[in-house]
Amino acid sequence: MQLAESRGLILFSRDYKEKDKLVKIFTESAGKQMFYVKGVHKKNNPLTSVLQNFTEATFIMNLKSDGLSFLNGAKEIKPLTVIQQDIFLAGYSTYLLNLADAAIEDRVYDPHLYQFLSLCLNLINEGYDAEIITNIFEVQILQRFGVAPIFDHCVICGQTTGRFDYSSKYGGVLCTEHFSNDDHRYHADPAAMHFIRLFHGIDLSKVKTININSQVKKEIRRVIDQLYEEYVGIHLKSKRFIDDMHNWQNLMKPEA
Ligand SMILES: [Zn+2]
Numbered sequence: 001m002q003l004a005e006s007r008g009l010i011l012f013s014r015d016y017k018e019k020d021k022l023v024k025i026f027t028e029s030a031g032k033q034m035f036y037v038k039g040v041h042k043k044n045n046p047l048t049s050v051l052q053n054f055t056e057a058t059f060i061m062n063l064k065s066d067g068l069s070f071l072n073g074a075k076e077i078k079p080l081t082v083i084q085q086d087i088f089l090a091g092y093s094t095y096l097l098n099l100a101d102a103a104i105e106d107r108v109y110d111p112h113l114y115q116f117l118s119l120c121l122n123l124i125n126e127g128y129d130a131e132i133i134t135n136i137f138e139v140q141i142l143q144r145f146g147v148a149p150i151f152d153h154c155v156i157c158g159q160t161t162g163r164f165d166y167s168s169k170y171g172g173v174l175c176t177e178h179f180s181n182d183d184h185r186y187h188a189d190p191a192a193m194h195f196i197r198l199f200h201g202i203d204l205s206k207v208k209t210i211n212i213n214s215q216v217k218k219e220i221r222r223v224i225d226q227l228y229e230e231y232v233g234i235h236l237k238s239k240r241f242i243d244d245m246h247n248w249q250n251l252m253k254p255e256a
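In terms of UniProt numbering, the sequence shown opens at residue 1 and continues consecutively.
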């Protein structure tokens, strides 16, 4: 056993036996780890509040090289309260947590992914557009799934400005000059492609605002779905949830 302290984000927790819980935490210094937490349903257990979804904290852990690790305590607890209280934001955030969980193996040290996930969730919690943050996260973590489509220049001539479309055949974007090289290119809206290229290269820690109209957002969603279908091929329940959310959001809008 190894005693360690690390920042971490709760990925999920579930009840185990009568009084205990199994909790999966993405830690900054030891990757994703599964913990066994005893007596968590008892009153006054200091760990109860920290085990809520959408909470970031410094965890004090007993790490085991295989099997379940143990959680000894937590400090500097930061619940992402805005996300916790909003079903839509919680939907997007759950999807980001699930994607991070799917993208790398357990116990793999990946502080960069941890920090990126933490940054995205904190931005959503601060009121940044959850849909756009989600798209940026999706585009930037493609490489964790072992794929590296080329977005920054035309794969044939290196052109970096103008209109682009995506080509599976070439594994990257084509400029208008080279659209004819692939009849089966995505035929995506150029505005959507513009933003996806931007999302791929953007440093989120420096972004102030990005405004995108709902029509273009819809097309961005469609293109990223196509990329994920083609290269990643996972179907997360939380993704279906956010797709369905758009339908309720429209239902809940007052009729014009
Ligand atoms: Zn070209």
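Positions of the beta carbon are idealized from the N, C-alpha and C atoms, including for glycine.
The structure displayed is predicted, hence computed values, not measured ones.
- Annotated as distal: Asn44 and Leu80, with beta-carbon spacing of 7 angstroms or more.
- Under the rule that a run must span 3 or more residues, the beta strand (DSSP E) segments found entirely inside the segment 171–223 read 172–175.
- C-alpha of Val108 to C-alpha of Val37: approximately 22 angstroms in a straight line.
- Inclusion of Ile220 and Asn135 in the CB contact set at 7 angstroms is warranted, their separation being smaller than that value.
- Straight-line measurement puts the Cα of Val139 at about 7 angstroms from the Cα of Ile224.
- When DSSP states are grouped into helix, strand and coil, Ala74 belongs to the strand group.
- Not one heavy atom of ligand 1 is found less than 6 angstroms from the C-beta of Gln2.
- Three or more Cβ pairs drawn from the segment 8–20 and the segment 52–60 lie within less than 8 angstroms of each other, which places the two stretches in contact.
- Under the DSSP definition of a beta bridge, Ser13 partners with Val23.
- Residue environment analysis places Cys154 among the buried positions, since at least 16 neighbouring C-beta atoms fall within 10 angstroms of its C-beta.
- Counting C-beta atoms within 10 angstroms of its own C-beta, His178 has 16 or more neighbours from the protein chains shown and is therefore classed as buried.
- When C-alpha distances from Leu3 are compared across Lys19, Asp20, Phe26 and Ala30, the shortest belongs to Ala30.
- Those residues whose C-beta sits under 5 angstroms from the nearest heavy atom of ligand 1 are, from N- to C-terminal order along the chain, Cys154, Ile156, Cys157, Gln159, Cys175, Glu177 and His178.
- If you draw a straight line from the Cα of Tyr231 to the Cα of His200, it is about 16 angstroms long.
- Rounded to whole angstroms, Tyr114 and Lys78 show a C-alpha spacing of 15 angstroms.
- In this structure Thr94 is buried. Its beta-carbon is surrounded by 16 or more other beta-carbon atoms within 10 angstroms.
- Counting along the chain, the unbroken alpha helix (DSSP H) around Tyr92 starts and ends at Ile87 to Ala103.
- Shortest Cα-Cα distance from Leu22 to any of Leu47, Ser6, Glu5 and Glu28 involves Leu47.
- DSSP places Asn62 outside any alpha helix (DSSP H); the residue lies instead in the beta strand (DSSP E), whose first and last residues are Thr55 to Leu63.
- Beta-bridge partners assigned by DSSP to Tyr166: Val173.
- Contact between Val216 and Ala192 holds, since their C-beta atoms are separated by about 6 angstroms, short of 8 angstroms.
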